[in-house]
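Only one structure is covered here, and it is reproduced in the block below.
There are 2 protein chains.
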Amino acid sequence: MTTVGVLRETAGRERRVALTPDGVARLRKLDVAVLVEAGAGARAWFEDIGYEGAGAVVAGRDRVYADSDVLLCLHPPDDVAACRPGQVLIGLLNPRSNRDLMQRLATAGVTVISLDLLPRTLSRAQAMDALTSQANVAGYKAALLAAEAYSGFFPMLMTAAGTTRPAQVLVLGAGVAGLQAIATARRLGALVTGYDVREAARADIASTGATVLAGPERTGKEGEGGYARELSDDEQSAQQSALDEAIPRFDVIITTAQVPGRPAPRLVSENALSKMRPGSVVIDLAAAPDGGNVEGSIPDTRTVTDAGVTVIGAANLASTVPGAASTAYARNALALLTHLMPRGEVVLDLDDEILAAVVVSHGGALTRKEIRS
Amino acid sequence: MTTVGVLRETAGRERRVALTPDGVARLRKLDVAVLVEAGAGARAWFEDIGYEGAGAVVAGRDRVYADSDVLLCLHPPDDVAACRPGQVLIGLLNPRSNRDLMQRLATAGVTVISLDLLPRTLSRAQAMDALTSQANVAGYKAALLAAEAYSGFFPMLMTAAGTTRPAQVLVLGAGVAGLQAIATARRLGALVTGYDVREAARADIASTGATVLAGPERTGKEGEGGYARELSDDEQSAQQSALDEAIPRFDVIITTAQVPGRPAPRLVSENALSKMRPGSVVIDLAAAPDGGNVEGSIPDTRTVTDAGVTVIGAANLASTVPGAASTAYARNALALLTHLMPRGEVVLDLDDEILAAVVVSHGGALTRKEIRS
């Protein structure tokens, strides 16, 4: 019988877990054994006793490494050297930014599968799309955080003493996170405007009922996997002028723009920030140590500028809604496992379009050439 | 010319201010001079320069006390002895709990007006109803805080990998704060149930579209000013059983029950808390040093029970949305000022139904007998 192991996440602020008790129950029905590291779900409020009730064995980390055929995680574990040859490691491993680690795992004979390499435009892969499910959670939470930090109301309010205008919210980048942030801010009653460099994404913004902010003319189209491509210098400069002019009109800005394998584009300049009204809020979902969408944003940190603008560097918001995010991730992982183990045993068919995309290493070598350093 | 002075709030966590720059502009149109203490609006993001632009003079605290005919505040200032005889002090002064202070102000010849004594059922007083406007802000923020702290999604979510059920939210107490919490949680997509001991409030809950939680039979009706009266021992015990049974079914509880001049009723027992699911959230808007609606809640503190339930003692939530709350309070104060100074001068007509209710002391004596200790 195949055994799937669930590792406790070791990254400092990470609260998610790769499999929930519901997921355990579904694997058990497929006659798969499940080993869960003690405390793996605790920070997402999934207790060991819940995993045991669903049919898992709760064990120490060493045993999970030793006795699992397949290991589930989100981030690359910091003790990943404990993996055995032939073992399958499945996570959101960000292989493009972790080339050395991928090479070491390949050399060690570990079969590495990274869900962030999934072909997102393939409809039968949608159930496995963990980037989408986690971005969805992050976009939802971004709108909540913005409403929580903002000094005013999001909705219009009519009372005997007068009417309060609704908050003006601008969402930059209309991928999954941006569209969910738009939807949630609209639910709360804000007046929402969206911006994206991609034509298709502008249509998505309009379809939510939000206003579309006009941007500079573009000559090219979308980049890899539906992401925006990087802009040319001229396009960037035109975009910066348009955004610098628009941003100070808004009470709340939520930025969600990413370009895979590249630093996030700078969309909110210090100049634009300095012209926003005191009490405004800016949430940067792309905040990273090497810079995000917002000049001066710091990951996992709330700062207030001299002009009284609160800037929240929100690097890993999905982790702050750990129940919803873990549940969604576990479903994605289960869909992949079901695909990988059609009869309860791992069958690694590298001619399969999905597996060819997500398998990073197998049989002692890196299988995707763009990961090789 | 009459001068209205605005004091900076001195209570530790208080971020609101009693008058906004917009309010200053409206007073200036009535030919009233306005003195604003330096920094009075800073924590609500209203800068001194904004007040000056609206026509106020920004000055030190001593000068505001010395040169104002009318002083505006929210909480009783901690240096209230600086008030002069004949000066009018207007705030949310909670005179029932501050009898000694009221007596000292009366003896000092200060005319004290407390907006929390407003007859809330009088329609022409609605524009002055600061308790309502602040409860409205608190209820809105309570739902946001709950969503922010909850481990899952509030809305139902349908994705390729499956559907997530919406959060089940229970709001206890359906006054202004409770109804706004219900409305905001519903906006976010939660399934909301409301509970109140008052028949009229149950109809209000139903009118929002939320489910009404049935409670024990009541023999009596509402108490003073539309608040619930205290329950008899039998009623309390029946209510406790009904709530203890219902509470563990919910993911989020928001409690807003108050009885004026009495400790808040205990609605969520330790027993009920212990049966809630890990990851659940309880927000106690009545949290107070002498206990709130939730057993063990601590004002301004977030605790997690052994069972994994997050309990947030949210004593003064309006202050955490300082822009919206200050704007609303300023409008209430302006409506009262317009009533009190029909031609730009204070005319204290104690035969007027509104002034008879809100004036606590005048001419060296307490004017409302229930405040006399």
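As given, the protein sequences belong to chains A and B, one line each in that order.
Using the numbering used here, the first residue of the first sequence is number 3, and each one after it goes up by one.
Using the numbering used here, the first residue of the second sequence is number 3, and each one after it goes up by one.
Glycine residues also receive a C-beta, built at the ideal position from the N, C-alpha and C atoms.
Do we get a CB-CB distance below 7 Å when we pair A326(B) with the residues of chain A? It does; some Cβ of chain A falls within 7 Å.
Contact between the region 130-145 of chain A and the region 299-307 of chain A: three or more CB pairs below 8 Å? Because the criterion of three Cβ pairs below 8 Å is not met, the region 130-145 of chain A and the region 299-307 of chain A do not touch.
If we count the other Cβ atoms within 10 Å of its Cβ and call it buried at 16 or more, is S328(B) buried or exposed? The residue in question, S328(B), is buried, as its Cβ has 16 or more Cβ neighbours within 10 Å.
Contact criterion: CB-CB distance below 7 Å. Does Q128(A) meet it with respect to chain B? Output row for Q128(A): interface = yes.
Does any CB atom of chain A fall closer than 7 Å to the CB of L146(B)? True, the Cβ-Cβ gap to chain A drops below 7 Å.
Selection of the region 154-166 of chain B by Cβ proximity to chain A, strictly under 8 Å: If you check each beta-carbon in the region 154-166 of chain B against every beta-carbon of chain A, the ones closer than 8 Å belong to G154, F155, P157, L159, T161, A162, A163, G164, T166.
Helix, strand or coil for G164(B) per DSSP? Taken through DSSP and simplified to helix, strand or coil, G164(B) comes out as strand.
Give the range of the alpha helix (DSSP H) segment to which A306(A) is assigned. Per the sequence presented here, residue 306(A) reads as Val, with Ala not at that position. First-last for V306(A): 303-306, but that is the beta strand (DSSP E), not the alpha helix (DSSP H).
With distances taken between CB atoms, is the gap from L29(B) to V6(B) smaller than 7 Å? A contact, by the Cβ cut-off of 7 Å.
Would you call the CB atoms of D1(B) and A317(B) closer than 7 Å? Outside the shown range of chain B (3 to 375) lies residue 1(B), about which nothing can therefore be said.
For A163(A) and T134(B), what's the separation of their Cα atoms in angstroms? A163(A) and T134(B) have their C-alpha atoms roughly 11 Å apart.
Beta-carbon proximity of V19(A) to A42(A), cut-off 7 Å: Their beta carbons are under 7 Å apart, which means V19(A) touches A42(A) by this criterion.
How many angstroms separate the CA atom of T258(B) from the CA atom of F48(A)? Distance between the alpha carbons of T258(B) and F48(A) is about 29 Å.
With D71(B) and Q89(B) assumed to form a contact (beta carbons below 8 Å), what rounded beta-carbon distance in angstroms separates them? Yes, they are in contact, since the Cβ atoms of D71(B) and Q89(B) sit about 7 Å apart, within 8 Å.
Could you work out which residues of chain A lie near E49(B), taking near to mean beta carbons separated by less than 8 Å? Those within 8 Å of E49(B) in chain A are P280, G310.
Roughly how many angstroms lie between the CA atoms of R268(A) and G293(A), to the nearest whole one? Looking at the two C-alpha atoms, the distance is approximately 8 Å.
Proximal residues, the region 186-197 of chain A versus chain B, C-beta separation under 9 Å: Those would be T186, R189, L190, G191, in chain order.
Apart from the five residues just before and just after D60(B), which ones in its own chain have a Cβ nearer than 7 Å to its Cβ? For the sequence presented, residue 60(B) should be read as Val rather than Asp. V38, A40, D50, Y53, E54.
What are the boundary residues of the beta strand (DSSP E) that H364(A) is part of? Going by DSSP, H364(A) is part of the beta strand (DSSP E) stretching over 361-364.
Going by C-alpha to C-alpha distance, which of Y142(A), P168(A), R86(A) sits closest to G325(B)? For G325(B), the closest of Y142(A), P168(A), R86(A) by C-alpha to C-alpha distance is P168(A).
Which of helix, strand or coil DSSP assigns to L9(B): Coil, per DSSP.
Can you give the Cα-Cα distance for V296(B) and G180(B), rounded to whole angstroms? Rounded to whole angstroms, V296(B) to G180(B) spans 15 Å at the Cα level.
Range of the contiguous alpha helix (DSSP H) that encloses Y152(B): Counting along the chain, Y152(B) falls outside any alpha helix (DSSP H), and DSSP gives it neither H nor E.
When the distance is taken between beta carbons, is V214(B) closer than 7 Å to V254(B)? Contact: no.
Which residue marks the beginning of the alpha helix (DSSP H) containing S209(B), and which one marks its end? Unbroken alpha helix (DSSP H) run through S209(B): 201-210.
Where does L352(B) land, buried or exposed, given buried means 16+ other C-beta within 10 angstroms? Label assigned to L352(B): exposed.
Taking Cβ positions, are E347(B) and T109(B) nearer each other than 7 Å? Going by beta carbons, E347(B) and T109(B) fall outside the 7 Å limit.
Under 8 Å Cβ-Cβ, which residues of chain A neighbour S135(B)? Near S135(B) (Cβ distances below 8 Å), the residues of chain A are T161, A163.
Quick check: what's the CA-CA separation for A144(B) versus L287(B)? Each residue's CA atom was taken as its position, placing A144(B) and L287(B) some 8 Å apart.
Assuming G196(B) is part of the beta strand (DSSP E), what are its boundary residues? G196(B): member of the beta strand (DSSP E) spanning 193-197, first to last residue.
Enclosing alpha helix (DSSP H) for A330(A) [first to last residue]: Unbroken alpha helix (DSSP H) run through A330(A): 324-342.
Going by the CB atoms, is the gap between L91(B) and V112(B) shorter than 7 Å? In this structure, L91(B) lies closer than 7 Å to V112(B) by Cβ.
Going by beta carbon distance, what residues of the same chain come within less than 6 Å of A187(A), once the five residues before and after it are set aside? Answer for A187(A): A145, V171, V194, listed in chain order.
Cα separation between P87(B) and G62(B)? Using only the alpha carbons, I get a separation of about 20 Å.
So that I know if they touch, is there some Cβ in chain B lying closer than 7 Å to that of N334(A)? Among the CB atoms of chain B, one or more fall inside 7 Å of the CB of N334(A).
Give me the chain C residues within the contact set of D286(B), using Cβ-Cβ distance strictly less than 8 Å, ordered along the chain. The chain inventory of the structure shown lacks chain C, comprising the protein chains A and B.
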